[in-house]
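Since the structure comes first, as structure tokens, the remarks are kept for the end.
Protein chains in written order, with this note's numbering: chain A, 9 to 265; chain B, 131 to 474.
Given below as structure tokens:
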């Protein structure tokens, strides 16, 4: 049995009288990629914000490595090793890869002078770790020169540098071409191989299917389907499953292909 | 499903299959690309000087012309370099002329009162940084547009000086007897020592800009404040620090300008507003924030200082100076537009 990393039990969130989440159960094991699928308004972003500690759940319990954590907040989320990579506002594109990876936690020594050689070495190691190997790009390359998928790689490398055990990727491939999506998948597989966990969020099944071990489908604030890839077999079958539970996300997923 | 590459095979980047070195891999080219902004500015300077020298070789081979530029250039350098930081942080400061005048006023008052000029320099720097803190706090914490707020502060501080001094200047006749004057404002083998101090300042600031936490944070704050904030950079604090740094530079400029002239004028600093702004942008720092070049800004100040001397020295009347000022600015901007790519 895989080691449990994070578990949400019966998490509900209401804004006034509107229920955004109505009793969600979600678990993430060590070294697992969980695909979180749901349409706009399904409650994905509320769930992420609760995981990041930005929003407080109205009710429910959060367990980190089997232990319940009370007064969940952003600091405790970070302490638990949860890092969220947001799609658009994550990177300073005119700066180098090194600057982006160490943003806010520069390696500095005497009087705040940067330990530039050390930063570059560490950046190289991180890039290698997620499989970001290239003869063209070095840690001193400007992020703006990178493609969309490679930029996601920089954001993922940064999350790993922050000692993340669980990286939440918020629609990392939505705006990307097929080749770029493959690059992101490649990084995700490397991260998974290093024993870290990932929640991969998408509103299109085809964006998530090839990379996730397990799927959690959200609709209108509840989990309507939870299944593994082994159980499903193919993306088409997953869509069939979802259509059986009369889920609108399935139609949008099939429709956008 | 697409078969993805094994980790050891490079799947990233362009033209990875070619055996010969990619252009970006050649070390010389890498150095060139990383420094293209200020190298471009240097190119503009060299071309401009070549034209001046060709126009009047006799005037431009005399050291006196250069010595006079090198005496006044330091004041512009102390202002231009911190302004590069401000522009990189995606802000602007138009209040530095008044800050310079104010700090120089405090310097003059302390010297006039009979204290050691070193003490007066410390007082001037403290004044400049305090005013920078005031301006920065106003812009950042009251969340005002830096363009308009600093413009207002420039008028207000200058008005305060005029009100309190009744527009009377202060002459410091005994200044040239002091040690401070000998160290900061005399000549060394015919070279004005101010320029040596200013070059040291540019050098330290360039290191601070590229190799220090403060410099890097100024870059990321100007580039993507949301992201910087999310990653734990105290965005507001960094912005305020940049304004304090501008105040420090303005104070040094004020002290040096007063030492050159032995006199403090109530209008001290006023004439620097537009040339210094021009120097920053001629130097290759773009207006949108996130990137910039300290060395380029310094060369930009050199260009702007030489235009006036150069145009007159080349035999044209003083009426041509403004036109050539504008021409150089526009040509430089076109050059930088072509030389730099804006990443979004």
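A virtual CB, placed ideally from N, CA and C, is assigned to each residue, including glycine.
The contact set of residue 421 of chain B on chain A, defined by CB atoms closer than 7 Å, consists of 102 in chain order. Between residue 150 of chain A and chain B, the shortest Cβ-Cβ separation is below 8 Å. Comparing alpha carbon positions, the residue from B/203, B/367, B/403 and B/191 closest to residue 348 of chain B is B/367. For residue 46 of chain A, there is no enclosing alpha helix (DSSP H); the enclosing beta strand (DSSP E) covers residues 41 to 46. Around the beta carbon of residue 275 of chain B, a 10 Å sphere encloses fewer than 16 other beta carbons of the protein chains shown; the residue is thus reported as exposed. Non-local beta-carbon contacts of residue 236 of chain B in its own chain, meaning distances under 7 Å to residues more than five positions away in sequence, involve 253, 254 and 257 in chain order. Only 471, 472 and 473 from the region 457 to 473 of chain B bring a Cβ to less than 9 Å from some Cβ of chain A.
CA-to-CA, the gap between residue 203 of chain B and residue 143 of chain A works out to about 44 Å. Not a single C-beta of chain B is nearer than 8 Å to the C-beta of residue 34 of chain A. Residue 332 of chain B and residue 399 of chain B have their C-alpha atoms spaced approximately 20 Å apart. Annotated three-state conformation of residue 360 of chain B is helix, per DSSP. Annotation: the continuous alpha helix (DSSP H) that includes residue 238 of chain A extends over 237 to 240. Residue environment for residue 76 of chain A: exposed (fewer than 16 other C-beta atoms within 10 angstroms of its C-beta). By the beta-carbon neighbour count (other beta carbons within 10 angstroms, threshold 16), residue 324 of chain B is buried. The DSSP-derived three-state label of residue 38 of chain A is coil. Between residue 385 of chain B and residue 220 of chain B, the gap from beta carbon to beta carbon reaches 8 Å or more. With a threshold of 16 other beta carbon atoms within 10 Å, residue 190 of chain A meets it and is buried. Shown here, residue 12 of chain A sits in a strand according to DSSP, grouped into three states. By the neighbour-count criterion, in which a residue is buried when 16 or more other Cβ atoms sit within 10 angstroms of its Cβ, residue 471 of chain B is exposed. Of the candidates A/37, A/91, A/108 and A/59, the residue whose Cα lies closest to the Cα of residue 73 of chain A is A/37.
Among the bridge pairs identified by DSSP, residue 27 of chain A is matched with A/22.
Considering only B/307, B/411, B/286 and B/383, the residue with the shortest C-alpha distance to residue 401 of chain B is B/383.
Proximity of residue 346 of chain B to chain A, defined by a Cβ-Cβ separation below 8 Å, is satisfied.
With respect to the 8 Å criterion, residue 41 of chain A and residue 196 of chain A are classified as neighbours on the basis of their beta carbons. Judged by DSSP secondary structure, residue 178 of chain A falls within the beta strand (DSSP E) whose first and last residues are 174 to 178.
In the DSSP assignment, residue 90 of chain A forms a beta bridge with A/174. Around the Cβ of residue 187 of chain A, a 10 Å sphere holds fewer than 16 other Cβ atoms; the residue is exposed. Distance from the CA atom of residue 51 of chain A to the CA atom of residue 230 of chain A, rounded to whole angstroms, is 8 Å. For residue 222 of chain A, the secondary structure class from DSSP, reduced to helix, strand or coil, is strand.
According to the DSSP secondary-structure assignment, residue 72 of chain A is paired through a beta bridge with A/14 and A/75. For residue 341 of chain B, the C-beta contacts it makes with chain A under 8 Å involve 121, 122 and 124, in order along the chain. When DSSP reads this structure, residue 116 of chain A sits in a beta bridge with A/122. The Cβ of residue 107 of chain A sits closer than 8 Å to at least one Cβ of chain B. At a cut-off of 8 Å between C-beta atoms, residue 13 of chain A does not count as an interface residue with respect to chain B. Exclusion of the five residues before and after residue 328 of chain B leaves 204 and 207 as the residues of its chain whose Cβ lies within less than 6 Å of its Cβ.
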